[in-house]
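Each residue of the sequence shown is one higher than the one before, counting from 1 in full-length UniProt numbering.
One structure is given below, encoded as structure tokens.
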Amino acid sequence: MKPLVVYTDPFWALENGAVNPALAAVERDVFGDKVDLRFGVVENGAYVKSGERFVDNLRGASALAIYRAQMTEEVFAAIRGDVKVIGRQGVGYDNIGLPFLEPNGIFGFNVPDYCVDEVSTHTMSLVLALERHVCLQNDHLKRGQWDIYDGGYPRRLQGLTVGIIGLGRIGKATAQKIRNFYGKVISYDPYIHGDHMIGYGVQKRHTLPDLLAEADVVILHCLLNDETKNLVGDSFLGHMKDDALLVNTARGGLVDPKAVHDALAAGRIGGYASDVFSPEDPNDHEWNRKLLQFDQVIVTSHRAFLSADSELSQRRRVAEEILHVLETGRPPRWGSLTE
Numbered sequence: 001m002k003p004l005v006v007y008t009d010p011f012w013a014l015e016n017g018a019v020n021p022a023l024a025a026v027e028r029d030v031f032g033d034k035v036d037l038r039f040g041v042v043e044n045g046a047y048v049k050s051g052e053r054f055v056d057n058l059r060g061a062s063a064l065a066i067y068r069a070q071m072t073e074e075v076f077a078a079i080r081g082d083v084k085v086i087g088r089q090g091v092g093y094d095n096i097g098l099p100f101l102e103p104n105g106i107f108g109f110n111v112p113d114y115c116v117d118e119v120s121t122h123t124m125s126l127v128l129a130l131e132r133h134v135c136l137q138n139d140h141l142k143r144g145q146w147d148i149y150d151g152g153y154p155r156r157l158q159g160l161t162v163g164i165i166g167l168g169r170i171g172k173a174t175a176q177k178i179r180n181f182y183g184k185v186i187s188y189d190p191y192i193h194g195d196h197m198i199g200y201g202v203q204k205r206h207t208l209p210d211l212l213a214e215a216d217v218v219i220l221h222c223l224l225n226d227e228t229k230n231l232v233g234d235s236f237l238g239h240m241k242d243d244a245l246l247v248n249t250a251r252g253g254l255v256d257p258k259a260v261h262d263a264l265a266a267g268r269i270g271g272y273a274s275d276v277f278s279p280e281d282p283n284d285h286e287w288n289r290k291l292l293q294f295d296q297v298i299v300t301s302h303r304a305f306l307s308a309d310s311e312l313s314q315r316r317r318v319a320e321e322i323l324h325v326l327e328t329g330r331p332p333r334w335g336s337l338t339e
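This is the structure we're talking about:
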């Protein structure tokens, strides 16, 4: 009997609000006839990512490929003894149920480097759009309002400092790109030594308040975990400069949206740009929705990772690692989250 691989919620498999198995060409190229494929349950044009129907669809699986679905303790109780490996189709792994993998004898992995160029470029796009008031000018001019001073005077960047929180792969790539525009790049990351940062033209700041007090732009490139959840709250924002910009291309759960809303309303920060929210669509959350009303807020739909090349690479690598584990019983070769 062939092992069953379940793709719980792959956006790339949706067409006109339903799963189209023919879109799994990359996966079938990798797996051949060695496995059977099953896709997630779709309701009203969207994947069901929790509850009884979600769990029932996982039964009999030897491997899971997850995207935004949350692997909870209850899910692990249902798949224990059957699933050998869970692959996260992305960089972050906050939804893979990290504490439950090893106790249940399940390998887990992510793809930590498939979209480094895309996310760092998207980050740059958001920063520069805020600095030059591009979105405001675009929206107003399309409505017939021609005014070179609409949005106020942009800042001269060479005299400003960028602060990056989290100097991993994507943080380093952003630092390399953004240093061509700004006068100084600093970073707070307690897990990266200052000597390492210097190699990327970045100066280390040893405390978060020190970075926030100095930075004219604050960029979030850190992981979401118990230590960083709601990192951006009233205290964090209170340490920022009144005209500083905040940009999040990491995880929505890093930010308390009410705190950002209140800071913007009071003029305590200069602007906010985000590609990520919790829940995913900011329109589905009261305070995220209120953020959309500000001219100095720019948002995108969690697509910083996206390019045709990055998506195809991620899909192929997830399939290859799943097949490797199923055929050999050995841990994933790349991005392994378990021993």
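C-beta: ideal position from N, C-alpha, C; glycine also.
Since lysine 172 and tyrosine 200 are thought to touch, with beta carbons under 8 Å apart, how far apart are those beta carbons, to the nearest angstrom?
Going by Cβ atoms, the distance from lysine 172 to tyrosine 200 rounds to 5 Å, so yes, they are a contact pair.
Between alanine 18 and the rest of its own chain, which residues show a CB-CB distance below 8 Å, the 5 nearest in sequence each way excluded?
If we look at alanine 18 and ignore the five residues flanking it on each side, its Cβ neighbours are Val42 and Gly45.
Would you be able to state if there are at least three C-beta pairs under 8 Å between the stretch 237-249 and the stretch 215-226?
Touching, per the Cβ criterion.
Report the residue ranges of all beta strand (DSSP E) runs contained in full by the stretch 184-257; include only those spanning at least 3 residues, in chain order.
Complete beta strand (DSSP E) runs here, min 3: 184-188, 217-220 and 245-248.
Is leucine 14 helix, strand or coil by DSSP?
Three-state DSSP puts leucine 14 in a strand.
Does the distance from the CB of leucine 237 to the CB of glycine 163 come in under 8 Å?
For leucine 237 and glycine 163, no; Cβs fall outside 8 Å.
Count the other C-beta atoms from every protein chain shown that fall within 10 angstroms of the C-beta of aspartate 33, then say buried if there are 16 or more, exposed otherwise.
Exposed: under 16 other Cβ atoms inside 10 Å.
Quick check on DSSP: helix, strand or coil for arginine 38?
Correct three-state label for arginine 38: strand.
Quickly, what does DSSP pair alanine 65 with across the bridge? List them, please.
For alanine 65, which the question treats as bridged, DSSP gives the partners Tyr7 and Gly87.
Between Leu337, Val119, Pro209 and Val55, which lies nearest to methionine 240 when the distance is taken from Cα to Cα?
Of the candidates Leu337, Val119, Pro209 and Val55, the one whose C-alpha sits nearest the C-alpha of methionine 240 is Pro209.
So lysine 3 and serine 62 are in contact, right, with Cβ under 8 Å, and what is the actual spacing, rounded?
A small fix is needed here, since residue 3 is proline in this sequence, not lysine. So it is a contact: roughly 4 Å between Cβ atoms.
On a CA-only basis, which of Ala78, Glu73 and Gly271 is nearest asparagine 57? Give me that one, please.
Nearest C-alpha to asparagine 57: Ala78.
Since aspartate 275 contacts histidine 122 with CB under 8 Å, what's their CB separation in whole angstroms?
With 8 Å as the limit, aspartate 275 and histidine 122 qualify as a contact, their Cβ atoms being about 6 Å apart.
Use the C-beta contact count for aspartate 189: other C-beta atoms within 10 angstroms, 16 or more gives buried, fewer gives exposed.
The residue in question, aspartate 189, is buried, as its Cβ has 16 or more Cβ neighbours within 10 Å.
Going by other Cβ atoms of all chains shown within 10 Å of its Cβ, with 16 needed for buried, is glutamine 314 buried or exposed?
Buried, by the Cβ-count rule.
Is the stretch 306-321 close to the stretch 282-293, with three or more CB pairs under 8 Å?
No, because fewer than three Cβ pairs between the stretch 306-321 and the stretch 282-293 fall closer than 8 Å, the two stretches do not touch.
Mind checking who serine 278 pairs with in its DSSP beta bridge?
DSSP, once it has assigned bridges, lists no residue as partnering serine 278.
Which residue from Gln89, Arg59 and Ala13 puts its Cα closest to that of glutamate 321?
Closest by alpha carbon: Gln89.
If you measure between the beta carbons of valine 85 and isoleucine 66, is that distance less than 8 Å?
Cβ distance not < 8 Å, so valine 85 and isoleucine 66 don't count as in contact.
Just the C-alpha distance for leucine 98 and aspartate 309, rounded to the nearest angstrom, thanks.
Taking the straight line joining both Cα atoms gives about 28 Å.
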